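J.:
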Amino acid sequence: MEFTEAYKQTGPCCFSPNSRYVAVANDYRLVIRDTFSFQVVQLFSCLDKISYIEWALDSEYILCGLYKKPMIQAWSLTQPEWTCKIDEGPAGISYARWSPDSRHILTTSEFQLRLTVWSLLNTACVHVQWPKHGSKGVSFNQDGKFAAICTRRDCKDYVNLLSCQSWEIMGSFAVDTLDLADLEWSPDDSSIVVWDSPLEYKVLIYSPDGRCLFKYQAYECGLGVKTVSWSPCGQFLAIGSYDQMLRVLNHLTWKTFAEFLHLSTVRAPCSAAIFKEIDEPLQLDMSELSLDENFMPSNYDASEGYISVRYEVMELPVAFPFQKPPADKPNPKQGVGLLAWSKDSQYICTRNDSMPTALWIWDMRRLEVAAILVQKEPIRAAVWDPTCTRLLLCTGSSHLYMWTPSGAFCVCNPLPGFSISDLKWNIDGSCLLLKDKDAFCCATVPSLPESSDYSSDD
Numbered sequence: 060m061e062f063t064e065a066y067k068q069t070g071p072c073c074f075s076p077n078s079r080y081v082a083v084a085n086d087y088r089l090v091i092r093d094t095f096s097f098q099v100v101q102l103f104s105c106l107d108k109i110s111y112i113e114w115a116l117d118s119e120y121i122l123c124g125l126y127k128k129p130m131i132q133a134w135s136l137t138q139p140e141w142t143c144k145i146d147e148g149p150a151g152i153s154y155a156r157w158s159p160d161s162r163h164i165l166t167t168s169e170f171q172l173r174l175t176v177w178s179l180l181n182t183a184c185v186h187v188q189w190p191k192h193g194s195k196g197v198s199f200n201q202d203g204k205f206a207a208i209c210t211r212r213d214c215k216d217y218v219n220l221l222s223c224q225s226w227e228i229m230g231s232f233a234v235d236t237l238d239l240a241d242l243e244w245s246p247d248d249s250s251i252v253v254w255d256s257p258l259e260y261k262v263l264i265y266s267p268d269g270r271c272l273f274k275y276q277a278y279e280c281g282l283g284v285k286t287v288s289w290s291p292c293g294q295f296l297a298i299g300s301y302d303q304m305l306r307v308l309n310h311l312t313w314k315t316f317a318e319f320l321h322l323s324t325v326r327a328p329c330s331a332a333i334f335k336e337i338d339e340p341l342q343l344d345m346s347e348l349s350l351d352e353n354f355m356p357s358n359y360d361a362s363e364g365y366i367s368v369r370y371e372v373m374e375l376p377v378a379f380p381f382q383k384p385p386a387d388k389p390n391p392k393q394g395v396g397l398l399a400w401s402k403d404s405q406y407i408c409t410r411n412d413s414m415p416t417a418l419w420i421w422d423m424r425r426l427e428v429a430a431i432l433v434q435k436e437p438i439r440a441a442v443w444d445p446t447c448t449r450l451l452l453c454t455g456s457s458h459l460y461m462w463t464p465s466g467a468f469c470v471c472n473p474l475p476g477f478s479i480s481d482l483k484w485n486i487d488g489s490c491l492l493l494k495d496k497d498a499f500c501c502a503t504v505p506s507l508p509e510s511s512d513y514s515s516d517d
């Protein structure tokens, strides 16, 4: 892997959908860099500190959320002189997003009073009253023709279907939830999944015309659903719960065909490879060298020397560090808080928040755990390669951790003092964005060969 130098950032960073640019928030400035040369191609000055940025799907426009102001500013890469400012006045703005056609911006006001669709073509706007959430509760189907928006009126949750061409309400139906948490279109646009708040375990599958296709409730009298995700192929629906279990439904009968439990101790028989991150000090004598402190790499320990890490395959049984959440505090750190599918829908990775240092990788063909990665620090983020079966994760250290079906390995970031707290792929899988607290860098990732031959010591 090759790494760029570190660049300053004070907020969100993201690749453009066409992978040509990376947008970076630096206080009130929006910096657009080319992903090949990393030269600045555009620099826009906003009216306040940037809290949020989002590219339009055509990569021609980009919006900046100035939520402290509160207002939205949008910019054009092809017409730098073009500007757009959206201000809701006393209603405020809590969130903004692009429509699939890249020519409309949807904003949600404070206190969820209304959702407004703003046109960049004719300055017209359309209002939807009483949206349920600010940043959640809106989902577009795959071809971008329809939007499903959660609303609440008269103490009842509804789903409104809007045409993304005329922005007229095509239909509306009530859903059987106490406090709707979110919704999402299926990848084949045949259904919409709706799930309730953590206080009520309830997952509902609706057809676009409002018919309830299936109601799923795994248990009662306990904290319920925490994460929900469709598989890319659309055949599976994964549900992560507060009871530390992952359940997978099929799209034909909507029945549960797999239930995976995150055990605190894994015993035989188990065919999964368990990789544990360990330190490997390299004793280098630098006593006679006169080096500036800034020259020392980020993983240099003065007492032990240069610290390298690697994975070691553990023998069974293996016990994982377990954190029991306090019973007297809200939002307990337990249950499946991280859930992500691989591109081919064969694997799914999960993190049980009660065991934040362990990442579980499940094989959906064999219906068993394929591998477990045990880190020294809690896992911050885990993302799948958008082009192949490769998983990357970070823990806030200076290392990157990778897994493929052939094995797991560690990669050291050579930038001094750079701790990787978040990471994102670009759409073609050729470049990786790594974030530190106040800096970012990018790394080029070589494509996997036909038959990967990685080992845990690479």
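The working numbering puts the first residue of the sequence shown at 60, with every later residue one more than the last.
C-beta atoms are modelled at their ideal positions from N, C-alpha and C, and glycine is treated no differently.
The structure presented is a predicted model; accordingly, all values stated were derived computationally and were not measured.
Mind checking whether C500 and F97 have CB atoms under 7 Å apart?
T.: Counting from one through the sequence shown, the residue named residue 500 turns up at place 441. Counting from one through the sequence shown, the residue named residue 97 turns up at place 38. Cβ atoms of C500 and F97: not closer than 7 Å.
J.: Among residues of its own chain, excluding the 5 on either side of S510, which ones have a beta-carbon nearer than 7 Å to its beta-carbon?
T.: The residue you call residue 510 lines up with position 451 of the sequence shown. For S510, the predicted structure reports a pLDDT of 47, less than 50, and the residue's modelled location is therefore unreliable. A value from the coordinates is still provided. Taking C-beta separations shorter than 7 Å and ignoring five residues to either side along the sequence, S510 has no partners in its chain.
J.: Does Q171 come out as helix, strand or coil in the three-state DSSP assignment?
T.: As a position in the sequence shown, residue 171 is number 112, starting the count at 1. In the three-state reduction of the DSSP assignment, Q171 falls in the helix class.
J.: Out of F477, P475, V442, state which residue places its alpha-carbon closest to the alpha-carbon of Y460.
T.: Within the sequence shown, numbered from 1, the residue matching residue 460 stands at position 401. The option with the nearest alpha carbon to Y460 is V442.
J.: With C-beta atoms as the reference, is Y120 less than 7 Å away from S135?
T.: Position 61 of the sequence shown, counting from 1, holds the residue named residue 120. Position 76 of the sequence shown, counting from 1, holds the residue named residue 135. Taking 7 Å as the Cβ cut-off, Y120 and S135 qualify as a contacting pair.
J.: Taking the alpha carbon of T454 as the reference point, which residue from V428, L122, L482 has its own alpha carbon closest?
T.: Here residue 454 is taken as the residue at index 395 of the sequence shown, counted from 1. Ranking V428, L122, L482 by Cα distance to T454 puts L482 first.
J.: Using the beta-carbon count (16 or more within 10 Å), is Y278 buried or exposed?
T.: As a first step, residue 278 must be located in the sequence shown, where it is residue number 219. Exposed.
J.: Where V99 and T446 are concerned, what is the direct C-alpha to C-alpha distance, given to the nearest angstrom?
T.: By one-based count along the sequence shown, residue 99 stands at place 40. By one-based count along the sequence shown, residue 446 stands at place 387. When rounded, the distance between both Cα atoms is 28 Å.
J.: Find out if the Cβ-Cβ distance for the pair T409, L320 is shorter than 7 Å.
T.: The residue given as residue 409 occupies position 350 in the sequence shown. The residue given as residue 320 occupies position 261 in the sequence shown. For the pair T409 and L320, the CB atoms are not nearer than the 7 Å cut-off.
J.: Do you know offhand how far S178's Cα is from C223's?
T.: Counting from one through the sequence shown, the residue named residue 178 turns up at place 119. Counting from one through the sequence shown, the residue named residue 223 turns up at place 164. So the alpha carbons of these two residues sit roughly 11 Å apart.
J.: Who are L450's beta bridge partners in DSSP?
T.: In the sequence shown, counting from the first residue as 1, residue 450 sits at position 391. Per DSSP, W443, W462.
J.: Please report the residue range of the beta strand (DSSP E) in which E427 lies.
T.: Taking the first residue of the sequence shown as position 1, residue 427 is located at position 368. Looking at the DSSP string, the run of the beta strand (DSSP E) that includes E427 is 427-433.
J.: Against chain C, does V442 count as a neighbour if the rule is that its beta carbon must be under 7 Å from one of theirs?
T.: Considering every chain present, this structure includes no chain C. It has just one protein chain.
J.: Between the alpha carbons of K144 and A133, how many angstroms are there, rounded?
T.: Taking the sequence shown and counting its residues from 1, one reaches residue 144 at position 85. Taking the sequence shown and counting its residues from 1, one reaches residue 133 at position 74. C-alpha separation (whole angstroms): 6 Å.
J.: Enumerate, from N- to C-terminal direction, the unbroken beta strand (DSSP E) stretches of 3 or more residues contained entirely within the stretch 147-198.
T.: For the stretch 147-198, whole beta strand (DSSP E) runs of length 3 or above, ordered along the chain, are 154-157, 163-167, 173-178, 184-188.
J.: Does DSSP put P340 in a helix, in a strand, or in coil?
T.: Counting from 1 along the sequence shown, the entry for residue 340 is found at position 281. DSSP places P340 in strand when its eight states are reduced to three.
J.: Measuring CA to CA, which of Q382, R211, S225 is closest to G232?
T.: Taking the first residue of the sequence shown as 1, we reach residue 232 at position 173. According to the sequence displayed, residue 232 carries Phe and not Gly. Checked all of Q382, R211, S225; the closest Cα to F232 is R211.
J.: Reducing DSSP to helix, strand and coil, say where F295 ends up.
T.: As a working note, residue 295 is residue 236 in the sequence shown. Residue state, collapsed to three classes: strand.
J.: Would P159 and Y111 qualify as a contact pair, given that the criterion is a beta-carbon distance under 7 Å?
T.: Translated into the one-based positions of the sequence shown, residue 159 becomes position 100. Translated into the one-based positions of the sequence shown, residue 111 becomes position 52. Y111 is positioned such that its CB atom lies no closer than 7 Å to that of P159.
J.: Which parts of the stretch 305-330 are runs of the beta strand (DSSP E), unbroken and 3 residues or longer, counting only runs that do not cross its ends?
T.: Here the runs fully enclosed are 315-320.
J.: Going by the DSSP bridge assignment, what does S231 pair with across the sheet?
T.: Along the sequence shown, one-based indexing puts residue 231 at 172. Answer is N219.
J.: Rounded to whole angstroms, what's the CA-CA distance from V433 to P380? Just pull it up for me.
T.: To locate residue 433, count along the sequence shown from 1; it is residue 374. To locate residue 380, count along the sequence shown from 1; it is residue 321. About 9 Å.
J.: What three-state label does DSSP hand I479 in the structure shown?
T.: Position 420 of the sequence shown holds residue 479. Of the three classes helix, strand and coil, the one that applies to I479 here is coil, per DSSP.
J.: Give me whichever residues DSSP pairs with M130 in a beta bridge.
T.: Locating residue 130 in the sequence shown gives position 71, where the first residue counts as 1. Beta-bridge pairing by DSSP links M130 to L125.
J.: Taking only runs of the beta strand (DSSP E) that begin and end inside the stretch 66-136, which ones reach a length of at least 3 residues, in chain order?
T.: 72-74, 80-85, 88-93, 99-104, 111-114, 120-125, 130-135
J.: DSSP puts D403 in a beta bridge; with which residues?
T.: The residue labelled residue 403 in the question sits at position 344 within the sequence shown. The partner list for D403 (beta bridge, DSSP) is empty, contrary to what the question assumes.
J.: Among all the DSSP beta bridges, which residues are the ones paired with K494?
T.: Indexing the sequence shown from 1 puts residue 494 at position 435. K494 pairs with D481, F499.
J.: Please classify R326 as buried or exposed, where buried requires at least 16 neighbouring CB atoms within 10 angstroms.
T.: Locating residue 326 in the sequence shown gives position 267, counting from the first residue. Exposed.
J.: Give me the Cα-Cα distance between H458 and C471, rounded to the nearest whole angstrom.
T.: In the sequence shown, the residue the question calls residue 458 occupies position 399. In the sequence shown, the residue the question calls residue 471 occupies position 412. Spanning the two alpha carbons is a distance of roughly 4 Å.
J.: Please confirm whether P415 and P437 have their CB atoms less than 7 Å apart.
T.: Position 356 of the sequence shown holds residue 415. Position 378 of the sequence shown holds residue 437. Contact flag set, yes.
J.: Who are the Cβ neighbours of P376 in its own chain at under 8 Å, not counting the five residues just before and after it?
T.: Working through the sequence shown from its first residue, we reach residue 376 at position 317. T324, V325, R326, A327, listed in sequence order.
J.: Would H163 be called buried (16 or more neighbouring beta carbons within 10 Å of its own) or exposed?
T.: Stepping through the sequence shown from its first residue, residue 163 is reached at position 104. Answer is buried; the Cβ neighbour count reaches 16.
J.: Do L221 and I228 have their C-beta atoms closer together than 7 Å?
T.: As a working mapping, residue 221 is identified with position 162 in the sequence shown. As a working mapping, residue 228 is identified with position 169 in the sequence shown. For L221 and I228, yes; Cβs fall inside 7 Å.
J.: In whole angstroms, what separates the C-alpha of G488 from that of S290?
T.: Counting from one through the sequence shown, the residue named residue 488 turns up at place 429. Counting from one through the sequence shown, the residue named residue 290 turns up at place 231. Approximately 19 Å between the Cα atoms of the pair.
J.: Report the three-state DSSP secondary structure of D241 (helix, strand or coil).
T.: Translated into the one-based positions of the sequence shown, residue 241 becomes position 182. It is a strand residue.
J.: In chain order, what residues of the same chain lie with their CB nearer than 8 Å to the CB of P385, ignoring the 5 residues before and after it?
T.: Taking the sequence shown and counting its residues from 1, the one referred to as residue 385 is at position 326. Correct list, in chain order: P391.
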